[in-house]
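Colleague: Using full-length UniProt numbering, the first residue of the sequence shown is number 1, and each one after it goes up by one. Have a look at the structure that comes next, please.
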Amino acid sequence: MGSTFSGIELGKRSLQAHTQGLQTIGHNLSNASTEGYSRQRVQLSATDPIYMPQLNRAERPGQVGQGVDVTTVERIKDILLENRVIAQGDESGYWETRDQYLLMVEQIYNEPYDTSVRSLMDKFWDGWQELSVNPEEIPSRQAVLKRGESLMDGINSRYRRLKETRSMLNDDVAVSVGEVNSILKDISRLNEQIVKSKAVGDNPNDMLDSRDLLVEKLSAYINITVDNRDSDEFQIHTQGMHLIQGKQVHLLSTEPNPLNEGYNDITWEQTGQNVDIRNGKLAALIELRDGDVRGEIQKLNTMTVNFTDMVNEVHSNAFAANGKTGLNFFNELPFVNNNLGNYDRSGDGEFDSSYIFRFKGNNVLDPEQQTGLQGTISLNGPSGNIDVNYYPTDRVSDIVDRINNSGAEVKALINRDGKLLLKASSSEDMENPDFVIRHVEDSGQFLSGYTGILSGSGPDNAYDWEQADAVLGLRDIEYAVAPLSHPAGWMGINKTLQADPASIASGYGVGGREGLPGDGSAALEIATLRNKPVMVGPSNTFDDYFAEAVASIGLKGEVAQQANESQQLVMKDLKDFQSSISGVNMDEEIAEMIKFQHGYNATARFVNEINDMLDTIINRMGV
1 MGSTFSGIEL
11 GKRSLQAHTQ
21 GLQTIGHNLS
31 NASTEGYSRQ
41 RVQLSATDPI
51 YMPQLNRAER
61 PGQVGQGVDV
71 TTVERIKDIL
81 LENRVIAQGD
91 ESGYWETRDQ
101 YLLMVEQIYN
111 EPYDTSVRSL
121 MDKFWDGWQE
131 LSVNPEEIPS
141 RQAVLKRGES
151 LMDGINSRYR
161 RLKETRSMLN
171 DDVAVSVGEV
181 NSILKDISRL
191 NEQIVKSKAV
201 GDNPNDMLDS
211 RDLLVEKLSA
221 YINITVDNRD
231 SDEFQIHTQG
241 MHLIQGKQVH
251 LLSTEPNPLN
261 EGYNDITWEQ
271 TGQNVDIRNG
281 KLAALIELRD
291 GDVRGEIQKL
301 NTMTVNFTDM
311 VNEVHSNAFA
321 ANGKTGLNFF
331 NELPFVNNNL
341 GNYDRSGDGE
351 FDSSYIFRFK
361 GNNVLDPEQQ
371 TGLQGTISLN
381 GPSGNIDVNY
391 YPTDRVSDIV
401 DRINNSGAEV
411 KALINRDGKL
421 LLKASSSEDM
431 ENPDFVIRHV
441 EDSGQFLSGY
451 TGILSGSGPD
461 NAYDWEQADA
471 VLGLRDIEYA
481 VAPLSHPAGW
491 MGINKTLQAD
501 PASIASGYGV
511 GGREGLPGDG
521 SAALEIATLR
531 NKPVMVGPSN
541 TFDDYFAEAV
551 ASIGLKGEVA
561 QQANESQQLV
571 MKDLKDFQSS
581 ISGVNMDEEI
591 AEMIKFQHGY
601 NATARFVNEI
611 NDMLDTIINR
621 MGV
């Protein structure tokens, strides 16, 4: 029922409600520049009236109102928009990271022309050209030696810079995993506090803002989805796996992978299984480290090993000014010291593999001659073996081209003697070593009787690297053991030539003997390697390699830059839209402040009037 003092109670509620409103406005204004803060609004509602329908009541019409109550203080938030920001976060993090690191790789290739690897190689070829004209002069040999040393220094330097970039990416992977784990732990602690706060009826807006900001930051590192935002079982997933489930957190870890030169794999801390990361900064780092930069190192290694192999083949068969022959121009460090290429890959103390880089056939071939043979050549590829068919009407050059265009990791070419060379290229799969021939088989006679490499046709006469002494099953052919890993990092000039430049060969001689003093035939042949299709890999000539390397990394950088700029614009639009909904608008807050201020003043006058009325009743209505 009504009370003499009900007006005071009604006014008190109103004063408290408007005070809460003003405090909320002050809180908004104070956090106008706080990252991730969402503006808050006081929701007011009428207090339940005195006479409820189910209770006894006075026989008078209507209900007597009891003022206002603060129902809740809520955040202004658009959940669908928040999900869009998170969905775009991993795209933005991915392209921003690729743009940053590809720019670093581009700078490695953007060398001053005079000191670039391509310029140094051009000078190297020019040196051999000069030696072919003046083979009897020691200064010409010294020029070749110095230019060769400069070229090797340039190649070694480029390798080191690429290797440093790859190591930097690996360090960034470890740091980023640590940051992801830190974010996950913070979200887990906030989840626990939010649940406790909600359990006592509070609305923990500021903690919810902090959690949303952490989730947004997490989305830049890894692709995530968020479920049950308003539930006690707040969840974050990546590729169907839980990262967060309430206060339960599943952390990431890094484990060195011996098959990937000890670089880190990202695994689940609890199970040790690899994490399937599809997008975000972590995905970009892994892709750059194990794809782009590793690919650039492999291409540099491929160019180096073929360049040195071709120069050595000519030089070792030529004579020097002092009569020496059989010397390599570049030093060769084998992967294994065993002459048969035998290697203990399993580490059990027994040879179980053969690491062979090159086979050379016994028979001299005419590239334009039709073979009259039919069969299928099987060579190791990126994943499994690749079949290359040949037919009676095919020329030798047709079969060579078909092998090189098949995608196999074994390439073919006809050398200066007209014999077939099979060379291993770099391996796409990290489990397989670079520059190792893993499988060669021919159902017909091309690789056996025609070129003189295999001892026969079919699987029984196939070459397979997964056994020791595998080369003993071939014909009596010339072969080369696989080089030490990353030849671009260690390749240099033969120390014998550095000590005595007169040992640099220039001519082939006659009948196995030293030729005339003016014989520069070998030097000329080395000089002409510049434009010959001698490369093993995607490029045919050395010039093709340099053009392709620069164009490829430049195109990747351009794509990353454009995609990053596009993603930044998308994120800016989403952030601007988010700010227009959830951000603090000064004009709007001041308008709300004036409204609550007027309401407070009006309520104060109402309380004053009630006070005057009570004063009249109590103090002035005497006997």
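Ideal Cβ positions, reconstructed from N, Cα and C, are used throughout, including at glycine. Predicted model only: the values in this text are computed from it and were never measured.
(1) Can you list, in chain order, the residues of its chain whose CB lies under 7 Å from that of Q129, leaving out five sequence neighbours each side?
(2) What are the partner residues of E478, as DSSP defines its beta bridges?
(3) Is residue 635 buried or exposed, if buried means 16 or more other CB atoms sit within 10 Å of its CB?
(4) I need the DSSP call for M241, collapsed to helix, strand or coil.
(5) Report the rounded CA-to-CA distance for D99 versus G291, giving the unit in angstroms.
(6) Which residue spans inside the region 195-238 form an unbroken beta strand (DSSP E) run of at least 3?
(7) Using a Cβ distance threshold of 8 Å, determine whether the region 393-404 contacts the region 471-482, with at least three qualifying pairs required.
(8) What first and last residue would you give for the alpha helix (DSSP H) that runs through W268?
(9) Determine contact between the region 221-231 and the region 95-110, defined as no fewer than three beta-carbon pairs at a distance below 8 Å.
(10) Run the CB neighbour count on A522, radius 10 Å, all protein chains shown included, and call it buried at 16 or more, exposed below.
(11) Would you call the region 426-445 and the region 374-388 in contact, with 3 or more CB pairs under 8 Å?
(12) Where in the region 7-60 do unbroken runs of the beta strand (DSSP E), each at least 3 residues long, occur, reported from the N-terminal end onward?
(13) What's the gap between the Cα of L555 and the Cα of Q562?
(14) Under 8 Å by Cβ, that's how I've got G583 and R39 pegged, so tell me the actual separation to the nearest angstrom.
(15) Could you give the DSSP three-state label for R395: helix, strand or coil?
(16) With a Cβ-Cβ cutoff of 7 Å, do S150 and L120 count as a contact?
(17) Check P139 in the structure and name its three-state DSSP category.
(18) Could you give the distance in angstroms between the alpha-carbon of N312 and the alpha-carbon of V410?
(19) Taking the C-alpha atoms as reference points, what is the distance between E261 and H486?
(20) Please state if the CB of A320 and the CB of I504 are separated by a distance shorter than 7 Å.
(21) Can you list, in chain order, the stretches of the alpha helix (DSSP H) that have 4 or more residues and sit fully within the region 381-459?
(22) Taking the alpha helix (DSSP H) that P487 belongs to, which residues open and close that run?
(23) Using only CA atoms, which one of N494, L333 and S219 lies nearest to I277?
(24) Can you look up R289 in the DSSP assignment and give me helix, strand or coil?
(25) Going by C-alpha distance, which of I194, P256 and S210 is nearest E233?
(26) Can you list, in chain order, the residues of its chain whose CB lies under 7 Å from that of T304, leaving out five sequence neighbours each side?
Modeller: Concretely, from the data shown:
(1) Here residue 129 is taken as the residue at index 129 of the sequence shown, counted from 1. The residues are A527.
(2) The residue you call residue 478 lines up with position 478 of the sequence shown. In DSSP, E478 forms a bridge with K360.
(3) Within the shown structure, residues of the chain are numbered from 1 to 623, placing residue 635 beyond reach of any answer.
(4) The sequence position of residue 241 within the sequence shown is 241, counting from 1. Note: M241 maps to strand in three-state DSSP.
(5) Along the sequence shown, one-based indexing puts residue 99 at 99. Along the sequence shown, one-based indexing puts residue 291 at 291. Cα-Cα distance, rounded: 15 Å.
(6) Qualifying beta strand (DSSP E) stretches, in chain order: 225-227 and 235-238.
(7) Verdict: no, contact absent.
(8) Reading the sequence shown from its first residue, position 268 is the one you call residue 268. Run containing W268: none in the alpha helix (DSSP H); it sits in the beta strand (DSSP E), Y263 to W268.
(9) Segments in contact, no.
(10) The residue given as residue 522 occupies position 522 in the sequence shown. So A522 counts as buried.
(11) Enough Cβ pairs lie closer than 8 Å, so yes.
(12) The region 7-60 contains these whole beta strand (DSSP E) runs: 40-46.
(13) Translated into positions along the sequence shown, residue 555 becomes position 555. Translated into positions along the sequence shown, residue 562 becomes position 562. One alpha carbon belongs to L555, the other to Q562, and they sit about 11 Å apart.
(14) The residue you call residue 583 lines up with position 583 of the sequence shown. The residue you call residue 39 lines up with position 39 of the sequence shown. Going by Cβ atoms, the distance from G583 to R39 rounds to 7 Å, so yes, they are a contact pair.
(15) By 1-based counting over the sequence shown, the position of residue 395 is 395. In the displayed model, R395 falls within a strand according to three-state DSSP.
(16) Here residue 150 refers to the residue found at position 150 of the sequence shown. Here residue 120 refers to the residue found at position 120 of the sequence shown. Taking C-beta atoms as the reference points, S150 and L120 count as a pair closer than 7 Å.
(17) As a working mapping, residue 139 is identified with position 139 in the sequence shown. The three-state secondary structure of P139, taken from DSSP, is helix.
(18) For the purposes of this step, residue 312 is taken as the residue at position 312 of the sequence shown. For the purposes of this step, residue 410 is taken as the residue at position 410 of the sequence shown. About 20 Å.
(19) As a first step, residue 261 must be located in the sequence shown, where it is residue number 261. As a first step, residue 486 must be located in the sequence shown, where it is residue number 486. If you take the alpha carbons of E261 and H486, they lie about 11 Å apart.
(20) Counting from one through the sequence shown, the residue named residue 504 turns up at place 504. Counting from one through the sequence shown, the residue named residue 320 turns up at place 320. Result yes, Cβ atoms of I504 and A320 sit closer than 7 Å.
(21) The region 381-459 is shown to contain whole alpha helix (DSSP H) runs of 4 or more residues at 396-404, in chain order.
(22) Mapped onto the sequence shown, residue 487 falls at position 487. Start and end: P487 to W490.
(23) Translated into the one-based positions of the sequence shown, residue 277 becomes position 277. Checked all of N494, L333 and S219; the closest Cα to I277 is S219.
(24) To locate residue 289, count along the sequence shown from 1; it is residue 289. Of the three classes helix, strand and coil, the one that applies to R289 here is helix, per DSSP.
(25) Residue mapping note: residue 233 aligns to position 233 of the sequence shown, counting from 1. Among I194, P256 and S210, the Cα nearest to that of E233 is on I194.
(26) Position 304 of the sequence shown, counted from the first residue, corresponds to residue 304. The answer, listed in chain order, is I155, P487, A488 and M491.
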